[in-house]
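Asks: Taken in sequence, the protein lines are chains X and U.
Residue 306 is where the first sequence ends in numbering that gives the first Met the number 0, and the numbering goes up by one at each step.
Residue 306 is where the second sequence ends in numbering that gives the first Met the number 0, and the numbering goes up by one at each step.
Backbone N, C-alpha and C fix where the C-beta goes; we use that ideal spot for every residue, glycine too.
These numbers come from a predicted model, not from an experiment.
Protein chains: 2
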Amino acid sequence: MSLTVTGTIGIDTVFTPDGQHRENVLGGSCTYFAAAASFYAPVRMVAVVGDDFPPDFRRTIARFAGVDTAGLEVRRGSKTFRWGGRYQPDMDHRDTLYTELNVLTEAPPPVPDAYRDSRFVFLANTHPAVQIGLLDQFPGRRLAVADTMDLWIDTARAELELLLTRVDGLVLNFDEAERFTGLRNTVAAGRRLLDFGPRFVVVKKGEHGAILVHRDGIAALPAYPAERVVDPTGAGDSFAGGMMGFLASSRDTEEPTAFDAVRRAMAHGTVIASFTIEAFSLDRLASLTRSEVDARFSEYQRMLRLH
Amino acid sequence: MSLTVTGTIGIDTVFTPDGQHRENVLGGSCTYFAAAASFYAPVRMVAVVGDDFPPDFRRTIARFAGVDTAGLEVRRGSKTFRWGGRYQPDMDHRDTLYTELNVLTEAPPPVPDAYRDSRFVFLANTHPAVQIGLLDQFPGRRLAVADTMDLWIDTARAELELLLTRVDGLVLNFDEAERFTGLRNTVAAGRRLLDFGPRFVVVKKGEHGAILVHRDGIAALPAYPAERVVDPTGAGDSFAGGMMGFLASSRDTEEPTAFDAVRRAMAHGTVIASFTIEAFSLDRLASLTRSEVDARFSEYQRMLRLH
Numbered sequence: 000m001s002l003t004v005t006g007t008i009g010i011d012t013v014f015t016p017d018g019q020h021r022e023n024v025l026g027g028s029c030t031y032f033a034a035a036a037s038f039y040a041p042v043r044m045v046a047v048v049g050d051d052f053p054p055d056f057r058r059t060i061a062r063f064a065g066v067d068t069a070g071l072e073v074r075r076g077s078k079t080f081r082w083g084g085r086y087q088p089d090m091d092h093r094d095t096l097y098t099e100l101n102v103l104t105e106a107p108p109p110v111p112d113a114y115r116d117s118r119f120v121f122l123a124n125t126h127p128a129v130q131i132g133l134l135d136q137f138p139g140r141r142l143a144v145a146d147t148m149d150l151w152i153d154t155a156r157a158e159l160e161l162l163l164t165r166v167d168g169l170v171l172n173f174d175e176a177e178r179f180t181g182l183r184n185t186v187a188a189g190r191r192l193l194d195f196g197p198r199f200v201v202v203k204k205g206e207h208g209a210i211l212v213h214r215d216g217i218a219a220l221p222a223y224p225a226e227r228v229v230d231p232t233g234a235g236d237s238f239a240g241g242m243m244g245f246l247a248s249s250r251d252t253e254e255p256t257a258f259d260a261v262r263r264a265m266a267h268g269t270v271i272a273s274f275t276i277e278a279f280s281l282d283r284l285a286s287l288t289r290s291e292v293d294a295r296f297s298e299y300q301r302m303l304r305l306h
Numbered sequence: 000m001s002l003t004v005t006g007t008i009g010i011d012t013v014f015t016p017d018g019q020h021r022e023n024v025l026g027g028s029c030t031y032f033a034a035a036a037s038f039y040a041p042v043r044m045v046a047v048v049g050d051d052f053p054p055d056f057r058r059t060i061a062r063f064a065g066v067d068t069a070g071l072e073v074r075r076g077s078k079t080f081r082w083g084g085r086y087q088p089d090m091d092h093r094d095t096l097y098t099e100l101n102v103l104t105e106a107p108p109p110v111p112d113a114y115r116d117s118r119f120v121f122l123a124n125t126h127p128a129v130q131i132g133l134l135d136q137f138p139g140r141r142l143a144v145a146d147t148m149d150l151w152i153d154t155a156r157a158e159l160e161l162l163l164t165r166v167d168g169l170v171l172n173f174d175e176a177e178r179f180t181g182l183r184n185t186v187a188a189g190r191r192l193l194d195f196g197p198r199f200v201v202v203k204k205g206e207h208g209a210i211l212v213h214r215d216g217i218a219a220l221p222a223y224p225a226e227r228v229v230d231p232t233g234a235g236d237s238f239a240g241g242m243m244g245f246l247a248s249s250r251d252t253e254e255p256t257a258f259d260a261v262r263r264a265m266a267h268g269t270v271i272a273s274f275t276i277e278a279f280s281l282d283r284l285a286s287l288t289r290s291e292v293d294a295r296f297s298e299y300q301r302m303l304r305l306h
């Protein structure tokens, strides 16, 4: 069924602990999400870039079969969002070197009329008031999930709490869950977040996997044990893309907010994210084949099989 | 089949982040290991305490059905090992308040003749030269696994490397694996450790689960997602106890060092450890029933089932 992602497209500069770096490569939450989701279901992008956005990057995005870029606005006279970061040795934390919001400070991109019937909506991280405005443009949605970040927890808490009354699910990082709730224990923090409205919360823990706190149960899944991590950028968005793409590909009779549906979808997100981190930018996803995804998913299944 | 654990029995004082503490309670690696293993297989203890060891503590240990305390030496004129610690808010790190080695600085306890035929041997953390001396007293062993800690990595590296040529498996914490190898990535660190000799390395990550790095494969398992952690003391030893107890309970025809055997055994260790942390000292294991263990294991299985 139809899946739309709203989020950022950016030009990233990334330094990794092993001394490598890449300057001005394709990034952004929407980009990683859509590329990852495309392995499971067609996906529509709502995002805006400036007229400095390299045509090559647009071609890279469009090369993912099933990614609909009709909602990718190129705004004249505006500049694309840019981000630079340096990962700490543990790869799970990073320092931001610079953030040039540019076009992200302007009006959000319009949602194409043809996207309004989307059944699955993922609101990647941005100001929660903007997320609410976008959400309202999907009246036929069946499952809406939002991501957020520490900045909005600190500066737009009221709007974030309002957003939580409107979505089915929330995806956020481990330290953000603690920051929002003041609770260090991930399960306890997730339960507290459920009190604000969503049916489920997915807490991402990077190399340590993810925890699902759902009204109907709790589950923890490990990350795929990667031996070599080149660049963790986009892992969380790829995870969300794989998760939502899998849910959108499920049969219409299945309830996409059900505990077991979300839990299984997280496993697919885990596997897709494990490829993203094997190279800079979208490089690994761009070369990834369906059979590679299937093979790694089978391996992940076997790794967790206890029967 | 017969399982022996060598390790410490101690008197602990523990402060937890939620303001609770317990003074002078039963602890020690051997204690937690044996109590946990006893849910799967009979277990023999080799340990030494001083004559200050409270008879009540000995009764607590003996109350675990299947724990053989014939190898628990009470040494006249000596004092029992004592440890005090305070957990940091993340519960995965702790500061040692004091360590009174006492009897641990004297000769190690003798291995009873009746234990020499043990097929499964777990060498809980102590000086690696002592671990080697103990190991030599089990000529009929089929599976030998050792634990270690940062102190020996820093101060007895040569002996530790020698130990690794003699055991089938090594169990250690995440930060210790990094300290030993200089490699931050857990899988890479595990592989490096395999170069020293063992068939497998189990890297414990506390609330984030454990990773198996085996000559025949890699596996990650999450911790059971606990909502309330009272006292993490003994979680790692309980994990090892459940793991080794399960392996010792397997059919004689199964190869206990096989990748899949160790992986499945780790799941049992995970489940047993999840009970240990629900209360101070051995309190939760002392009240634990087989049906509670089975119910939680079934839940853990379902949580990871992706078929």
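(1) Look at U:G9 and U:L25 and say whether their C-beta atoms are less than 9 Å apart.
(2) Compare the C-alpha of U:L79 against each of U:M44, U:V102 and U:L182 and name the closest.
(3) As an exercise, report each continuous alpha helix (DSSP H) stretch of at least 4 residues that is fully enclosed by the region 143 to 196 of chain U, in chain order.
(4) For X:K204, which option in X:Q130, X:A61 and X:A176 has the closest C-alpha, if you only look at C-alpha atoms?
(5) Beta carbons nearer than 9 Å to chain U: which residues of the region 221 to 237 of chain X have them?
(6) Determine which residues of the region 75 to 96 of chain U have a Cβ less than 8 Å from any Cβ of chain X, and write them out in chain order.
(7) Determine which residues share a DSSP beta bridge with U:T5 and list them.
(8) Could you give the DSSP three-state label for U:D112: helix, strand or coil?
(9) In angstroms, rounded to a whole number, what distance separates the CA positions of X:Y39 and X:E254?
(10) For the region 157 to 168 of chain U and the region 286 to 305 of chain U, state whether three or more C-beta atom pairs, one from each stretch, are separated by less than 8 Å.
(11) Can a CB atom of chain U be found closer than 9 Å to the CB of X:E254?
(12) With the cut-off set at 9 Å, would you say U:A247 and U:L2 are in Cβ contact?
(13) Quick check: U:A188 and U:V166, are their CB atoms within less than 9 Å of each other?
(14) For X:E206, count neighbouring C-beta atoms within 10 Å of its own C-beta (all shown protein chains included) and say buried if the count is 16 or more, exposed if not.
(15) Which bits of chain X does U:R263 rub up against, with CB to CB less than 7 Å?
(16) How many angstroms separate the CA atom of U:R140 from the CA atom of U:G235?
(17) Could you tell me whether the Cβ of X:A176 comes closer than 9 Å to any Cβ of chain U?
(18) Since I believe U:A36 is in contact with U:M265 (beta carbons under 8 Å), could you give me their beta-carbon distance rounded to a whole number of angstroms?
(19) Would you list the one or two residues that DSSP bridges to U:H306?
(20) Is it true that the CB of U:T12 sits closer than 9 Å to the CB of U:G83?
(21) Can you find a CB in chain U that lies within less than 9 Å of the CB of X:R214?
(22) Any Cβ of chain U within less than 9 Å of the Cβ of X:Y39?
(23) Within the continuous beta strand (DSSP E) that includes X:D94, where are the two ends?
(24) Could you tell me the boundaries of the beta strand (DSSP E) in which X:Y31 lies?
(25) Any beta carbon of chain U sitting closer than 9 Å to that of X:A266?
(26) Helix or strand or just coil, what does DSSP make of X:R198?
(27) For a quick check, are the C-beta atoms of U:T147 and U:L169 less than 9 Å apart?
(28) In terms of residue numbering, what span does the beta strand (DSSP E) encompassing X:V73 cover?
(29) Tell me the DSSP secondary structure of U:V13 in three-state form.
(30) The alpha helix (DSSP H) with U:G216 in it runs from where to where?
Replies: Per the coordinate set shown:
(1) In this structure, U:G9 lies near U:L25, with their beta-carbon atoms less than 9 Å apart.
(2) According to the sequence displayed, residue 79 of chain U carries Thr and not Leu. When only C-alpha atoms are compared, the closest one is U:V102.
(3) Listed in chain order, the alpha helix (DSSP H) elements of length 4 or more contained wholly in the region 143 to 196 of chain U are 149 to 154, 156 to 163, 173 to 180 and 185 to 193.
(4) Among X:Q130, X:A61 and X:A176, the Cα nearest to that of X:K204 belongs to X:A176.
(5) For the region 221 to 237 of chain X, which is checked against every Cβ of chain U, the residues closer than 9 Å are P221, A222, Y223, P224, A225, E226, R227 and V228.
(6) Close to chain X, meaning a Cβ-Cβ distance shorter than 8 Å, are the following residues of the region 75 to 96 of chain U: P88, D89 and M90.
(7) Residue pairing by DSSP places U:T5 opposite U:V45 and U:L122 in a beta bridge.
(8) Of the three classes helix, strand and coil, the one that applies to U:D112 here is helix, per DSSP.
(9) Near 17 Å, if we compare the C-alpha coordinates of X:E254 and X:Y39.
(10) Proximity of the region 157 to 168 of chain U to the region 286 to 305 of chain U falls short of the contact definition, fewer than three beta-carbon pairs being nearer than 8 Å.
(11) It does not: the Cβ of X:E254 has no partner Cβ on chain U nearer than 9 Å.
(12) Taking 9 Å as the Cβ cut-off, U:A247 and U:L2 qualify as a contacting pair.
(13) No. Outside cutoff.
(14) The Cβ neighbour count for X:E206, taken over all protein chains shown within 10 Å, is at least 16; the residue is labelled buried.
(15) Chain-order list of chain X residues neighbouring U:R263: L305, by C-beta distance under 7 Å.
(16) Those two C-alpha atoms are separated by around 23 Å.
(17) No, its Cβ sits nowhere closer than 9 Å to a Cβ of chain U.
(18) About 14 Å separates the two Cβ atoms, so there is no contact after all.
(19) Per DSSP, U:H306 has no beta-bridge partner at all.
(20) Yes, the pair counts as a contact, with Cβ atoms nearer than the cut-off.
(21) Not closer than 9 Å to any Cβ of chain U, the Cβ of X:R214 fails to qualify, so no.
(22) Taking Cβ atoms only, chain U never reaches closer than 9 Å to X:Y39, which makes this a no.
(23) Run containing X:D94: R93 to E99, per the beta strand (DSSP E) assignment.
(24) Not the beta strand (DSSP E): X:Y31 falls in the alpha helix (DSSP H), residues S28 to A36.
(25) Taking Cβ atoms only, chain U reaches closer than 9 Å to X:A266, which makes this a yes.
(26) In the structure shown, X:R198 falls within a coil segment according to DSSP collapsed to helix, strand and coil.
(27) Yes, Cβ-Cβ distance for U:T147 and U:L169 is below 9 Å.
(28) L71 to R74 is the span of the beta strand (DSSP E), which, as asked, contains X:V73.
(29) Note: U:V13 maps to strand in three-state DSSP.
(30) In the DSSP assignment, U:G216 falls outside any alpha helix (DSSP H) and within the unbroken beta strand (DSSP E) covering G216 to L220.
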